[in-house]
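Residue numbers (this note's numbering), protein chains in the order written: chain A, 2 to 358; chain B, 21 to 290.
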Amino acid sequence: MAGSLIELRNIHKSFEDTVVLEDFNLTVNENEFITLLGPSGCGKTTTLRIVGGFETPDKGSVYFEGKDITAVPPNQRHINTVFQKYALFPHMNVEQNIAFGLKISGKTDQYIKDKVAYALNLVNLKGYEKRKITQLSGGQQQRIAMARAIVNEPKVLLLDEPLGALDLKLRQDMEYELIRLKNELGITFIYVTHDQEEALTMSDKVVVMNNGIIQQMGTPEQIYNEPENAFVADFIGDSNIIDAVMVEDKVVRICDRIFPCIDTGFGNNRPVDVVIRPEDLIIGKPGEGQLDGVVSHNVFIGVHYEMEIEAGGFTWLAQNTTSYPVGTEVSLSVIPENIQIMHKPQRKDEEAIEIDV
Amino acid sequence: MSRRYFASPFIVWIAAGTVIPLIMIAYYGFTDRSGAFTIENVVSIMGAEHAQALWLALLLALISTAICFVLAFPLALILKDSRLGTKGFMIFIFVLPMWMNFLLRTMAWQVILERGGIINGILTGLGLPALDIINTPAAIVLGMVYDFLPFMVLPIYNTVMKIDNSLIEAAYDLGATKGKVLRSIILPLSVPGIASGITMVFVPALTTFVISNMLGGGKINLIGNIIEQEFTTSSNWNLGSGLSLVMMIFIVLSMALLSRLDKNGEASLI
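Put into structure tokens, the structure is as follows:
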């Protein structure tokens, strides 16, 4: 197991009157791809900027390889950043941009030349040395920004929504590219995004944040399959979040029906939230499932049909490759493993996001 | 098709305000009093008195431009990092004198600098010897800097404000020191504003005759004063026009040089 590389301890940060981070603790291990995921304003970018040295926490400390670097300015940290809008220097060509950090650290011309060529090769832009920044597409600029950061051989690479400005296809290509780069370079990536798909695709560890507080930390599978509260469940993919009562261990009452489940330790007759992913709802003929209902909405979205089904006084979101037209009477059932039980939200930030229509 | 008619007032304006006066100056500049062609008016810039006035005007304009730059650039950098309200207020303060009458402002300096003026009053009050500032080239430079500083501050402030902070952060991130960030990022990216600031200070400073009249006491002749005198006291429009043409060459040359710095034409004047 690789040791811890960066540690944030009890970080507090507010801007004016707004608290951005509250008693924030995070450990990043060596050679880890960690993603800070959350809606805008959740404190993920501020966290990244504190690690980079661009913001100073009001309270708390940042440790790098066991040393307190809270007061160390960004130009003395062994950390490099890929900025949200790439921040390439417009008055320099590609080569000068990539060589900027190397020249400062006083490397020889030959070393710089080789290193620039190596980095361009790594990001699949061989021979682009003399290009102007304005001549590059968004995706190319993104790669140059990566190259400029990694030639300095940082221990940690910070990425602030680097794919945000790219179109879908390019973004998906770049996701694989980033995973490849991370494996080839063997350095730690701290990645910030509000896109749950990016987070799930690339990360070793996902940190879901809201209102400056970590809601859940875990592997992409844990975050998706076992969300700890309504906020996480709602933010990571589509989900049905339903009020329910935990009758006893492994038995939950949803919409006045008894469902077997696999969770234990919630007590007896305690109100809970239940998460069921839309793709886990099994649609069958009326009377053959656990709940009967009627399809009220049906949209084809590519991979599958997305349907709304009124059943037991709740509108269920279901996804299925078979289409059930609006008005069809159906039944719903779900296997015990796919029922995820969560405690009721204790605080505001644990609640699902309200979207005003 | 009817859209074209909207442009006609401007065509009249350009003709009356630019083309015709230029032709007239060129006509007067290349003729003598009898109307015969001559290059004497233009060549007379080589004469000792004229050449000296041109040389002094160039020197004082250069010095004032340099001083304006040295004052304006750090100010722009300070303003870039200050809060939004502070920025607006500071720029307002620096531009405020522009709203007062130009002659009044220059005259005020006359009162401040003269022998029995405010500065010497304070100095003698403190038991220090009085200074002869008025009617020296230094007084003219002071007047130029005071009058033209806003023209340097505004364009530089505008370009410096436009520099994306993430570029500066990226430079720090790559290990640059403050000095390196200033030299390699902020300064090169401010060039368009600096170029237009220099033009906007250098050109009026080079041609001024009001400031040199009022603060030079009529003893120090800049090329602007010479031209003015040819048109007024000497009533020699031909010589005045000939010298003006030479000045125009200097101005066009300096602007052409500066506009090469501003490759994107962001703040360009020509």
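For glycine and all other residues, C-beta sits at the position ideal for the given N, C-alpha and C. From a predicted model like this one, the values you see are computed outputs, not experimental measurements.
Assigned exposure category for residue 249(A) - 16 Cβ within 10 Å defines buried: exposed
Distance CB(residue 270(B))-CB(residue 221(B)) smaller than 8 Å: no
For residue 258(A), the first and last residue of its enclosing beta strand (DSSP E): 258-261
Assigned secondary structure, residue 59(A) (DSSP; H/G/I helix, E/B strand, else coil): coil
Contact between the stretch 121-141 of chain B and the stretch 195-203 of chain B (3+ Cβ pairs under 8 Å): no
Per DSSP, cross-strand counterpart(s) of residue 365(A): Absent from the model: residue 365(A). The displayed extent of chain A is 2 to 358, so no value can be given.
Contact with chain A by residue 74(B), beta-carbon distance below 8 Å: no
Outcome for residue 181(B) when other beta-carbon atoms lying within 10 angstroms are tallied against a minimum of 16: exposed
Distance between beta carbons of residue 262(A) and residue 337(A), contact taken as under 8 Å: 5 Å
Host beta strand (DSSP E) of residue 277(A) (start-end): 271-277
Beta carbon proximity, residue 94(B) to chain A, threshold 8 Å: no
Where residue 212(B) meets chain A, residues with beta-carbon distance less than 7 Å: Those within 7 Å of residue 212(B) in chain A number zero; the least Cβ separation is about 11 Å.
3-residue-minimum beta strand (DSSP E) runs that sit fully inside the stretch 162-206 of chain A, ordered along the chain: 189-194
Limits of the unbroken beta strand (DSSP E) element including residue 37(A): 34-38
Contacting residues, own chain, Cβ-Cβ under 7 Å from residue 244(B) (five flanking each side not counted): 77, 227, 228, 229 and 232
Cut-off 8 Å between Cβ atoms - residues of its own chain near residue 139(B), not counting five sequence neighbours on either side: 132, 133, 151 and 153
Proximity of residue 1(A) and residue 244(A) at Cβ, strictly below 8 Å: In the structure displayed, chain A extends from 2 to 358; residue 1(A) sits before or after that span and is not available.
Alpha carbon of residue 24(A) to alpha carbon of residue 193(A), nearest angstrom: 19 Å
Straight-line Cα distance separating residue 99(B) from residue 107(B): 5 Å
Reference residue 50(A); option with closest CA among 81(A), 66(A) and 28(A): 81(A)
Alpha-carbon to alpha-carbon, residue 96(B) and residue 290(B): Residue placement at residue 290(B) is poorly supported in this model, since its pLDDT is 41, which falls under 50; the coordinates still yield a value, given next. Taking the straight line joining both Cα atoms gives about 24 Å.
Among 191(B), 219(B), 217(B) and 53(B), nearest to residue 206(B) - alpha-carbon criterion: 191(B)
Rounded Cβ spacing between residue 161(B) and residue 88(B) (contact assumed at less than 8 Å): 10 Å between Cβ atoms; not a contact.
First and last residue of the uninterrupted alpha helix (DSSP H) at residue 239(A): Per DSSP, residue 239(A) belongs to no alpha helix (DSSP H) and is neither H nor E.
Residue 224(A) vs residue 237(A) beta-carbon contact at 8 Å: yes
Segments of 4+ residues assigned as alpha helix (DSSP H) that fall wholly inside the stretch 88-125 of chain A: 95-105 and 110-123
Buried versus exposed call for residue 135(A) [16 or more other C-beta atoms within 10 Å across all chains shown]: exposed
Classification of residue 33(B) by the beta-carbon crowding that lies within 10 angstroms, buried from 16 upward: exposed
Selection of the stretch 221-235 of chain B by Cβ proximity to chain A, strictly under 9 Å: none
Contacting residues, own chain, Cβ-Cβ under 8 Å from residue 135(B) (five flanking each side not counted): 150, 152 and 154
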